[in-house]
Each structure stands twice: as structure tokens, then as C-alpha cells.
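Trainee: Could you have a look at this structure, given as C-alpha cells, before my questions?
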Amino acid sequence: MIKYILVILSIVLFTNCNSQTKENTVMEKNLTPPFNQINEGELNINFDTLIASEVGKIKTAIDLYNYNYPDPTLFKNKIKDYFNFDLDAYGNNIVVLQYSLTPEIAIKELNVIYVEYDGAIEINGELLYNYNNYLMYNDSSSFNWLKQNQPYLLKQLITSYGYTKDKDVLKFVFDSTDFNNKTDVEDLLFAVSDSKYVLRKEMLDEIREVTYKGQEIESFSEVVDEDLYYTLIKIITKIESSKDLYVNPDKSIAILLNELAKSGITGAIDSFLNNNSSFLNTLETNHFYDLKRLKEYVTILYENQPTIKKALVTDSDGFTNLRAASNSKSDIIQQVKKDEYVEILEFSGDWILVKTKENNTGYVHKTKVTIK
């Protein structure tokens, strides 16, 4: 009897759970795509009906180029990859991917992304073929066609969607960007979420890697003298004066200051901290947001710090060598005993420029001391 009851309960629970799963799936499928309609004053556009009436023409236009339509799984995965959009969440056949008068539009029944020229009158099959052929299959010929004929669509992948996975696209877009122009740089570095700007830290990393070959200073006496990092100074000032327009404005400022530190543009860091003295406390309270280069500069070298930073010699050999240059083969100036303090002057990669109590200046390896 007990066994019989357990079987019945199992069936009921399975049925209820299965029904709930199906119900949740249906609810997910019934989400309304956020950008399918534009209603601004007298401007009213319903892309569901507008595109639905053109699906046949769109297919005819792209078929002229013998396009190899992807299967639904590949199509959905590529949409997620490039546009960070989950098509499975929406039951609509038409899903507009951004709020725009000329947006990218996913058409599920065709597994095609519809795009057009700004102000275009007719459907352009060549454009549709090359755009989809590049996104779905990473076709180099289609990529070159887009570069020559519709470069703005490639740029839009970066500026509108923050796409960073294809180095060739990044290089093409970065090469055409004026890094002296604050607006152009902001288009790359910031997304918009709930009417606020969100810093794309990964885009900063990609610009340094792709455009500037990963250049970073080894010591603060060096400078990566590139346009972007001087433009960041203007953006930092803008964020500080309009914090309500940004998500996590203090962290965003710190990230940008860290880029200046990595580039040796320390005068701008000094100027910002001198003019915004409370920000130093913000950095310390938040453990410098784990931004190592900024912490290194501010805690050791920032001239308005109240105390001189020191390091304690902790070498297990009982002493460490003070060397003339930042390498283990350079001349030894002095042997500094364990438990003696040295004054930190500057960091240089794995070495620290220090001054001893005898007023000798030289380098010690960072593993041989503990910073206090």
C-alpha cells in the first residue's frame, strides 16, 4: 500500500513539475521583444508588421546570391555571440536587436539578420548576403566586402553591442577611430543600460592590446605616449562632474586612472587627486578596486601622500643585495640586512628602486622585501 502511494505521489509530482517547466517555457517564449516598436510623438513604427510583409522579398533578394542558410541552432548561437540577445526568450518571428530607425533585425523563419542602408528604398540582397555570410560563417570575402561598402555595420558591432571576440574587426574599427576625439572614444568605451552609461573595461584592454601592442610602462619614469590615454583625462573629468549619468562612477574613474598609471601619465593622476581629495579615501575604502598599477602609484609615489612608503627587508638569507640596475647581474652597491627598512622610490617591473639608511640608492627584488 505504501509503495503504491509513493508511486502515485511520484507521478503527481513529476506531472506538476513538468507542467511548471512547460509553463515557465511558455512564459519565456511570451516575452515581448523590447525594441520591436518605436513610439515617439508622431513617429510610430511596428517592425513586426513592417518586416513580416517583406519576408518574401527579403528571401528572394538574398537567394540571388546562393546564400547557405544556417540551421536554427547556429543562427541563435551567433545572435547571442554578436548581439548578446537570446532569441529563445521571445515567441515573435521578428526580433529587433537594438533601438534604432535602422536596426539589425532577426527573422527566425529565415534564420536571417535583416539590415539596410540608412535611407534605403529597396532591399539589398548583396548587403544581406555578405552581412549574414560574415556573421554566420566568418567568411573573409564577405568581411572585406563590408569593410569596403558598409563599414558602419562592422563599427556598430563594437559600439552598439560591445563585441570584442574578433581581433580583425576590432583592428579595423580601432584603425578608423580618432582617439583624440572624446565622442568617438566614448562610443567605444561605454554601453547604455537603463539610461545610464556603463564602462566597458574589456574594450580598454582590447584597445591597448590591438592598437598599442600591449604597451605598458615598467617604471613610472616611462610614458606610453598615445592619444587615447590623454583623451581619458577628459572623460574622467566628465564622469566626476556628472556621476548621476553613470553606473558605478567611482569605479569607472578608478579604472580609467589605472589606465593612466599603466601608461605613465601620472601628472594627470596627481591633478585629479589634488582637485578631488575625497577620492583618495574612496580608493582606499574600496581597496583600490583591485587595480594594482593605480594602487602602486598612489600609495608609493603620489606626492601628497602624508607618509613616506617603506619596505622591510625579509630575505631568508639574512640580507638582500642593493643593485645598480634592475637585474640580478648588475653591480652590488650594498648588502642590506634583514629587518632593516628601506625607502621606496619607484617600482620597475619585478624590482623596486629604494634608498637605504646610508643614503645609497639602488634596486632590490620585490620578493626580498615586504611593503609597509
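In mature numbering (1 follows the signal peptide of the UniProt record, and there is no 0), the protein residues as written are -19 to -1, 1 to 353. Backbone N, C-alpha and C define an ideal beta-carbon position, used for all residues, glycine too.
Do you know offhand how far D156's Cα is from I314's?
Mentor: As a working mapping, residue 156 is identified with position 175 in the sequence shown. As a working mapping, residue 314 is identified with position 333 in the sequence shown. If I take the Cα positions, the gap works out to 47 Å.
Trainee: Of all the options G299, N17, G245, which has the alpha carbon lying nearest to the alpha carbon of V279?
Mentor: Your numbering for residue 279 matches position 298 in the sequence shown. Out of G299, N17, G245, G245 has the C-alpha closest to the C-alpha of V279.
Trainee: Taking the beta carbon of A42 as the centre, do at least 16 other beta carbons fall within 10 Å, making it buried, or is it exposed?
Mentor: Numbered from its first residue, the sequence shown carries residue 42 at position 61. Buried: at least 16 other Cβ atoms inside 10 Å.
Trainee: Contact check, I188 vs L209 under 8 Å by CB: the rounded distance?
Mentor: Residue 188 sits at position 207 when you count from the first residue of the sequence shown. Residue 209 sits at position 228 when you count from the first residue of the sequence shown. The pair is a contact, with the Cβ atoms about 6 Å apart (cut-off 8 Å).
Trainee: Between the segment 290 to 309 and the segment 163 to 181, do at least 3 Cβ pairs fall closer than 8 Å?
Mentor: Judged by Cβ distances under 8 Å, the segment 290 to 309 makes no contact with the segment 163 to 181, as fewer than three pairs qualify.
Trainee: Please say whether N256 and T212 have beta carbons closer to each other than 8 Å?
Mentor: The residue labelled residue 212 in the question sits at position 231 within the sequence shown. The residue labelled residue 256 in the question sits at position 275 within the sequence shown. The answer is no: Cβ separation not under 8 Å.
Trainee: Can you check which of these residues, D175, A292, S34, is closest to K319 by C-alpha distance?
Mentor: One-based indexing of the sequence shown puts residue 319 at position 338. Minimum Cα distance to K319 is reached at A292.
Trainee: Tell me the DSSP secondary structure of V173 in three-state form.
Mentor: What you label residue 173 is simply residue 192 of the sequence shown in a count that begins at 1. In the structure shown, V173 sits in a strand (DSSP, three-state: E or B).
Trainee: Under the three-state reduction of DSSP, which class applies to Q196: helix, strand or coil?
Mentor: Here residue 196 refers to the residue found at position 215 of the sequence shown. It is coil, neither helix nor strand.
Trainee: Can you check DSSP and say which residues form a bridge with A292?
Mentor: Looking up residue 292 in the sequence shown gives position 311. Note: A292 sits in a beta bridge opposite V323, I352.
Trainee: Between Y112, K128, M184, D175, which lies nearest to K146 when the distance is taken from Cα to Cα?
Mentor: The residue labelled residue 146 in the question sits at position 165 within the sequence shown. The shortest C-alpha separation from K146 is found at M184.
Trainee: Which value, in whole angstroms, describes the spacing of the CA atoms of N5 and E221?
Mentor: One-based indexing of the sequence shown puts residue 5 at position 24. One-based indexing of the sequence shown puts residue 221 at position 240. Residue placement at N5 cannot be trusted, given a pLDDT of 40 that sits under 50; the coordinates are not used to answer.
Trainee: Report the three-state DSSP secondary structure of Y95 (helix, strand or coil).
Mentor: As a working note, residue 95 is residue 114 in the sequence shown. If DSSP states are grouped into helix, strand and coil, Y95 belongs with the strands.
Trainee: Thinking just about the alpha-carbon of each residue, which of I88, Y322, A242, N49 is nearest to the one in N17?
Mentor: Position 36 of the sequence shown, counted from the start, is the residue given in the question as residue 17. Out of I88, Y322, A242, N49, I88 has the C-alpha closest to the C-alpha of N17.
Trainee: Cutting at 6 Å between CB atoms, please list the residues of its own chain near K215, excluding the five before and the five after it.
Mentor: By 1-based counting over the sequence shown, the position of residue 215 is 234. Excluding sequence neighbours, K215 sits near K163.
Trainee: Is the beta carbon of F64 closer than 8 Å to that of E85?
Mentor: To locate residue 85, count along the sequence shown from 1; it is residue 104. To locate residue 64, count along the sequence shown from 1; it is residue 83. For E85 and F64, yes; Cβs fall inside 8 Å.
Trainee: In the structure shown, what three-state DSSP assignment does I75 receive?
Mentor: Translated into the one-based positions of the sequence shown, residue 75 becomes position 94. The answer is strand: DSSP assigns I75 an E or B state.
Trainee: Going by DSSP, what residue range makes up the alpha helix (DSSP H) through T41?
Mentor: Against the sequence shown, residue 41 aligns to sequence position 60. Per DSSP, T41 belongs to the alpha helix (DSSP H) from 36 to 44.
Trainee: Classify E85 as helix, strand or coil using the three-state DSSP reduction.
Mentor: Position 104 of the sequence shown holds residue 85. Residue state, collapsed to three classes: coil.
Trainee: Rounding to the nearest angstrom, what Cα-Cα distance links V7 and L272 in this structure?
Mentor: Here residue 7 corresponds to residue number 26 of the sequence shown, with the count starting at 1. Here residue 272 corresponds to residue number 291 of the sequence shown, with the count starting at 1. Its pLDDT being 38, under 50, V7 is placed unreliably by the model, and nothing is read from it.
Trainee: Give the single residue among Y283, L170, D175, L282 whose Cα lies nearest to the Cα of Y80.
Mentor: Walking along the sequence shown from the start, residue 80 turns up at place 99. Here the closest residue by C-alpha is D175.
Trainee: Using the rule of at least 16 other Cβ atoms within 10 Å of the residue's Cβ for burial, across every protein chain shown, is S123 buried or exposed?
Mentor: Along the sequence shown, one-based indexing puts residue 123 at 142. So S123 counts as buried.
Trainee: Excluding the 5 residues flanking I75 on each side, which residues of the same chain have their C-beta closer than 7 Å to its C-beta?
Mentor: Walking along the sequence shown from the start, residue 75 turns up at place 94. Within the same chain, I75 has close Cβ partners N17, F28, D29, I32, A33, I86, I88.
Trainee: K318 by DSSP, collapsed to three states: which one?
Mentor: The sequence position of residue 318 within the sequence shown is 337, counting from 1. Three-state result, K318: strand.
Trainee: State the DSSP-derived secondary structure class of R189, mapped to helix, strand or coil.
Mentor: Start at 1 with the first residue of the sequence shown, and residue 189 comes out as number 208. The answer is helix: DSSP assigns R189 an H, G or I state.
Trainee: Take the Cβ of N111 as the centre, count every other Cβ of all protein chains shown within 10 Å, and call the residue buried at 16 or more, exposed below.
Mentor: Residue 111 sits at position 130 when you count from the first residue of the sequence shown. So N111 ends up on the buried side.
Trainee: With a 10 Å radius around its C-beta and 16 neighbouring C-beta atoms as the bar for buried, classify S297 as buried or exposed.
Mentor: Taking the first residue of the sequence shown as position 1, residue 297 is located at position 316. Classification for S297: exposed.
Trainee: Look at the alpha carbon of Q196 and the alpha carbon of R274, and state the distance between them as a whole number of angstroms.
Mentor: Counted from its first residue, the sequence shown places residue 196 at position 215. Counted from its first residue, the sequence shown places residue 274 at position 293. Q196 and R274: Cα-Cα distance of roughly 14 Å.
Trainee: Which stretch, first to last residue, makes up the beta strand (DSSP E) that contains residue 374?
Mentor: The structure shown has nothing for residue 374, since the chain only spans -19 to 353.
Trainee: Relative to the C-alpha of N25, which residue among F66, G299, L82 is closest?
Mentor: As a working mapping, residue 25 is identified with position 44 in the sequence shown. If we check each option's Cα against that of N25, L82 comes out closest.
Trainee: Can you round the beta-carbon distance between Y98 and N105 to whole angstroms, since I take them to be within the 8 Å contact cut?
Mentor: Locating residue 98 in the sequence shown gives position 117, where the first residue counts as 1. Locating residue 105 in the sequence shown gives position 124, where the first residue counts as 1. Contact flag correct, Cβ pair sits at about 6 Å.
Trainee: Tell me the rounded alpha-carbon separation between N341 and V350.
Mentor: As a working mapping, residue 341 is identified with position 360 in the sequence shown. As a working mapping, residue 350 is identified with position 369 in the sequence shown. Each residue's Cα considered, the two are about 17 Å apart.
Trainee: Going by DSSP, what residue range makes up the alpha helix (DSSP H) through V150?
Mentor: Translated into the one-based positions of the sequence shown, residue 150 becomes position 169. V150 -> alpha helix (DSSP H) spans 148 to 156.
Trainee: When you compare only the Cα positions, how much space is there between K338 and T295?
Mentor: Locating residue 338 in the sequence shown gives position 357, where the first residue counts as 1. Locating residue 295 in the sequence shown gives position 314, where the first residue counts as 1. One C-alpha to the other measures close to 16 Å.
Trainee: Spatial neighbours of residue 402 within its chain, please: C-beta separation below 7 Å, excluding the five flanking residues on both sides.
Mentor: Since the first and last residues shown for the chain are -19 and 353, residue 402 lies out of range.
Trainee: Start and end of the beta strand (DSSP E) containing T342?
Mentor: As a position in the sequence shown, residue 342 is number 361, starting the count at 1. Taken as a continuous stretch (DSSP letters only), the beta strand (DSSP E) holding T342 covers 342 to 346.
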